[in-house]
Amino acid sequence: MLSVVENHSLPRTAAFFDLDKTVIAKSSTLTFSKSFYQGGLINRRAVLRTAYSQFVFLAGGADHDQMERMRQYLSALCKGWNVRQVKEIVAETLHELIDPIIYDEAASLIEEHHAAGRDVVIVSTSGAEVVEPIGELLGADRVVATRMVVGDDGCYTGEVEYYAYGPTKAEAIKGLAKSEGYDLSRCYAYSDSVTDVPMLQSVGHPYAVNPDRALRREAASRGWPILVFNRPVRLKQRIPAFTMPARPGLVAVAAVGAAVATAGLVWYASRRRSANFARI
Numbered sequence: 001m002l003s004v005v006e007n008h009s010l011p012r013t014a015a016f017f018d019l020d021k022t023v024i025a026k027s028s029t030l031t032f033s034k035s036f037y038q039g040g041l042i043n044r045r046a047v048l049r050t051a052y053s054q055f056v057f058l059a060g061g062a063d064h065d066q067m068e069r070m071r072q073y074l075s076a077l078c079k080g081w082n083v084r085q086v087k088e089i090v091a092e093t094l095h096e097l098i099d100p101i102i103y104d105e106a107a108s109l110i111e112e113h114h115a116a117g118r119d120v121v122i123v124s125t126s127g128a129e130v131v132e133p134i135g136e137l138l139g140a141d142r143v144v145a146t147r148m149v150v151g152d153d154g155c156y157t158g159e160v161e162y163y164a165y166g167p168t169k170a171e172a173i174k175g176l177a178k179s180e181g182y183d184l185s186r187c188y189a190y191s192d193s194v195t196d197v198p199m200l201q202s203v204g205h206p207y208a209v210n211p212d213r214a215l216r217r218e219a220a221s222r223g224w225p226i227l228v229f230n231r232p233v234r235l236k237q238r239i240p241a242f243t244m245p246a247r248p249g250l251v252a253v254a255a256v257g258a259a260v261a262t263a264g265l266v267w268y269a270s271r272r273r274s275a276n277f278a279r280i
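The sequence shown begins at 1 in our numbering and counts up by one.
This is the structure in structure tokens:
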């Protein structure tokens with residue numbers, strides 16, 4: 001169990017949660033592939049490819065290079081999509097697709113952090129149009145997510161405005177700490193992926209959740225606690241019922257600046273292998 005209610009004479013604190021395989025049992029973006037197909041945004045071949053990507057992701061075999069290929073593929077795939085249509089599809093299918101795959105353990109942690117007076121922030125590599133509604137469903141206070149460039153016609157251009165991945169997540173957290181007055185030494189962070197080590201090491205209380213093999217080794221060497229979440233459950237079926245105190249509307253954190261985004265892009269580009277990548 002977490003500590004009791006925060007002493008509000010102290011600096012504010014927050015709990016930062018990665019989303020995929022930490023709060024929900026699947027990839028948030030790939031979960032909507034069938035809905036995007038039914039909405040006419042993608043074809044059957046794309047559905048099959050995203051289904052395979054989902055399998056690789058769930059099997060714990062999606063390393064940095066595969067995640068990069070997945071990013072490139074999804075960026076190209078969504079080029080020309082109407083943003084309003086994407087938001088409508090997500091809104092219509094959110095409860096059907098996401099509610100059943102929320103980890104009961106994660107929902108309990110969110111409740112406990114709120115009860116202790118901490119903000120809850122979702123920090124995800126998935127796109128904002130998907131992550132923000134999930135954040136609202138979970139009762140999160142803020143969301144940091146990848147943002148795609150939108151053209152004057154209201155459609156995605158296929159370019160990435162802000163990529164919430166690796167060190168850019170840590171930079172976003174530090175930016176929030178500065179603007180919101182969070183004491184990071186007293187904050188919490190949760191993730192399943194070794195790519196989130198920068199985020200985890202930026203807080204005083206890091207937790208590895210369902211960690212991949214590399215993060216498990218990293219957590220063991222650093223003495224970080226390891227949590228296992230394995231009970232996906234619909235929020236309304238939870239006992240006690242999933243309830244949130246009245247809170248201000250969720251805040252989608254804007255990109256933390258071109259310099260940070262560029263630094264993140266340079267970082268992951270430098271990590272790519274020189275050999276040609278096999279297709280996902």
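The beta-carbon is built from N, C-alpha and C at its ideal position, and this holds for glycine as well.
Distance, residue j Cα to residue i Cα
i           : j           : result
residue 12  : residue 184 : 9 Å
residue 84  : residue 158 : 16 Å
residue 224 : residue 151 : 43 Å
residue 116 : residue 154 : 41 Å
residue 256 : residue 15  : Residue placement at residue 256 is poorly supported in this model, since its pLDDT is 39, which falls under 50; the coordinates are not used for a value here.
residue 122 : residue 209 : 14 Å
residue 35  : residue 129 : 14 Å
residue 38  : residue 126 : 21 Å
residue 79  : residue 156 : 5 Å
residue 27  : residue 97  : 11 Å
residue 213 : residue 203 : 21 Å
residue 201 : residue 171 : 12 Å
residue 189 : residue 226 : 12 Å
residue 81  : residue 207 : 37 Å
residue 235 : residue 250 : 18 Å
residue 93  : residue 30  : 13 Å
residue 192 : residue 77  : 26 Å
residue 149 : residue 32  : 20 Å
residue 217 : residue 160 : 32 Å
residue 101 : residue 196 : 22 Å
residue 175 : residue 136 : 21 Å
residue 180 : residue 107 : 23 Å
residue 312 : residue 23  : With the chain covering 1 to 280 only, the question about residue 312 has no answer from this structure.
residue 103 : residue 178 : 30 Å
residue 138 : residue 95  : 11 Å
residue 41  : residue 124 : 23 Å
residue 231 : residue 99  : 12 Å
residue 187 : residue 163 : 23 Å
residue 205 : residue 219 : 12 Å
residue 237 : residue 21  : 20 Å
Backbone secondary structure at residue i - three-state DSSP
i           : result
residue 175 : helix
residue 222 : helix
residue 251 : strand
residue 142 : strand
residue 22  : coil
residue 102 : strand
residue 90  : helix
residue 36  : helix
residue 232 : strand
residue 181 : coil
residue 56  : Low confidence applies to residue 56: its pLDDT is 44, below 50, so where it sits in the model is not reliable, and the reading given next is rough at best. Three-state DSSP puts residue 56 in a helix.
residue 10  : coil
residue 241 : Note on residue 241: pLDDT 48, under 50, position unreliable in the model; the coordinate value appears next. Note: residue 241 maps to coil in three-state DSSP.
residue 135 : helix
residue 72  : helix
residue 215 : helix
residue 77  : helix
residue 116 : coil
residue 97  : helix
residue 108 : helix
residue 41  : coil
residue 28  : helix
residue 166 : coil
Anticipated Cβ contact below 8 Å, residue i with residue j, distance rounded
i           : j           : result
residue 132 : residue 252 : 5 Å
residue 166 : residue 198 : 6 Å
residue 142 : residue 119 : 7 Å
residue 169 : residue 194 : In fact, because the Cβ distance is near 13 Å, the residues do not count as touching under 8 Å.
residue 229 : residue 105 : 4 Å
residue 134 : residue 19  : 7 Å
Cross-strand partners of residue i (DSSP beta bridge)
i           : result
residue 155 : 82
residue 148 : 160
residue 189 : 16, 206
residue 122 : 17, 143
residue 227 : 209
residue 127 : 146
Requested in this report: Examine the Cβ distances between the region 106-121 and the region 88-96 and report whether three or more of them are shorter than 8 Å.
Outcome: Not touching, per the Cβ criterion.
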